[in-house]
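J.: The sequence shown maps to residues 2 to 319 in the numbering used here.
Don't be surprised by glycine CBs; every beta carbon is placed ideally from N, CA and C.
The structure that follows is given in the form of structure tokens.
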Amino acid sequence: MGDPAGIGPEITAGAWRALRDGPVRFAVLGDAALIARHDVPVREIGTIAQAAETFAHAVPVLPVDLAAPVRPGQPDSGNAHAITTSIARAVELSRNGQATGVVTCPISKIVLKKAGFPYPGHTEYLAALCNVPGREVMMLACPELRVVPITIHVSLRRALDELDAAAIITATRTTHAALQRDFGIMTPRIAIAGLNPHAGEDGSMGTEEQTIIAPAIAALRADGMDITGPWPPDTMFTPAARARYDVAMCMYHDQALIPLKTIDMTQGVNTTLGLPIIRTSPDHGTAFDIAGRGLADPSSLVAALRMAMQMAEHRNRS
């Protein structure tokens, strides 16, 4: 469902219009009336198995009760429980095999935090629901680029404190395995970004490349992986550079997300690696400023739904 006061209902309606005649089908855990506001037929269903026969004619909705009235653009922490419940139910449906995967609409971390939500965001909550806390890896992908931030939803100062060789090694191993299993890339080419300007310039602009990143690269190469780096962060996202790797491992959140969103935010997809289930999400936020105004672009949600299906197809073949 995502935050019901955001653009989630609108992009869900748009995604159904885009996909209703194709192979990708979904059911919505949310409020049927909110989606119906966007001029699409909606039908409440009792089980997810009914979604397949419903999808061609209407948006199938597994109802989630809201505690507070919804006004587009005006989030209410009173609905935080409904938001997190929709996520938990989706994970349960995926874990027990009733659903192929989970696609999440955007949430507001501030709204949930005000209601006592203890997790920094979707990624960490999903890992807890799947009983694999600490194994989650966030990958952002568009047709031109895949990126993984080693540190995620923490301040830049804290990210620098948390960065170490073990974190790089763990995230890269998880990413390598996921590219093979979920994306069909049997020999992934992985680029490791530097942390400092010019990747440290042999220690003159910082030593983390020598003391943290280089040892991690050596360990990963010893595993037999195709690893290059550390790459200077300011040049590794040019078209020529991107052609030489399948994924860029980045040291902190914005180092990864700025190039991805600059290159193609409309087709960007957030996927969580390291889980026993498939999870994708549009690569944008709740957009409260335009919610309810008919301006939201569903392209990223459509891309997330398609990627979830593609990942499932690769898993089924493996």
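1. Need the endpoints of the beta strand (DSSP E) that S282 sits in, please.
2. Mark M187 as exposed unless 16 or more other C-beta atoms lie within 10 angstroms of its C-beta, in which case mark it buried.
3. With a CB to CB cut of under 7 Å and the five nearest residues on each side skipped, what residues in its chain are close to G79?
4. Once DSSP output is grouped into helix, strand and coil, what is the label at V104?
5. Does the structure place the segment 268-284 close enough to the segment 241-251 that three or more beta carbon pairs sit under 8 Å?
6. My understanding is that T13 touches V25, with C-beta atoms under 8 Å, so please give their C-beta distance in whole angstroms.
7. Taking the alpha helix (DSSP H) that G47 belongs to, which residues open and close that run?
8. Helix, strand or coil, according to DSSP, for L196 in the structure here?
9. How would you call N197, buried or exposed, if buried means at least 16 neighbouring beta carbons within 10 angstroms?
10. Select from H285, A59, T281 the residue whose C-alpha is nearest the C-alpha of S95.
11. Would you list, in sequence order, the uninterrupted alpha helix (DSSP H) runs of no fewer than 4 residues that lie entirely inside the segment 250-311?
12. Residues in the same chain with beta-carbon distance under 6 Å from R174, minus the five sequence neighbours each way, listed in chain order, please.
13. Using alpha carbons as the reference points, say which of P299, A292, N317 lies closest to L20.
14. Count the other CB atoms within 10 Å of the CB of Q99; is the residue buried (16 or more) or exposed (fewer)?
T.: Per the coordinate set shown:
1. To locate residue 282, count along the sequence shown from 1; it is residue 281. From DSSP, the beta strand (DSSP E) with S282 extends over 280-283.
2. Along the sequence shown, one-based indexing puts residue 187 at 186. Exposed: under 16 other Cβ atoms inside 10 Å.
3. By 1-based counting over the sequence shown, the position of residue 79 is 78. Only A68, A69 meet the Cβ criterion.
4. In the sequence shown, the residue the question calls residue 104 occupies position 103. DSSP places V104 in strand when its eight states are reduced to three.
5. The answer is no - the segment 268-284 does not touch the segment 241-251, with fewer than three Cβ pairs under 8 Å.
6. Position 12 of the sequence shown, counting from 1, holds the residue named residue 13. Position 24 of the sequence shown, counting from 1, holds the residue named residue 25. At roughly 13 Å, the Cβ-Cβ gap does not stay under 8 Å, so T13 and V25 are not in contact.
7. As a working mapping, residue 47 is identified with position 46 in the sequence shown. Looking at the DSSP string, G47 is not in any alpha helix (DSSP H), and its letter there is neither H nor E.
8. Mapped onto the sequence shown, residue 196 falls at position 195. For L196, the secondary structure class from DSSP, reduced to helix, strand or coil, is coil.
9. The residue labelled residue 197 in the question sits at position 196 within the sequence shown. Flag for N197 reads buried.
10. Numbered from its first residue, the sequence shown carries residue 95 at position 94. Nearest option by C-alpha distance: T281.
11. Fully enclosed alpha helix (DSSP H) runs of 4 or longer: 254-265.
12. To locate residue 174, count along the sequence shown from 1; it is residue 173. Leaving aside the five residues that flank R174 on each side, none in its chain has a CB nearer than 6 Å to its CB.
13. Sequence index remark: in the sequence shown, residue 20 carries index 19 (1-based). Of the listed residues, the one whose Cα sits closest to L20 is P299.
14. Taking the sequence shown and counting its residues from 1, the one referred to as residue 99 is at position 98. The residue is exposed, with fewer than 16 neighbouring Cβ atoms inside 10 Å.
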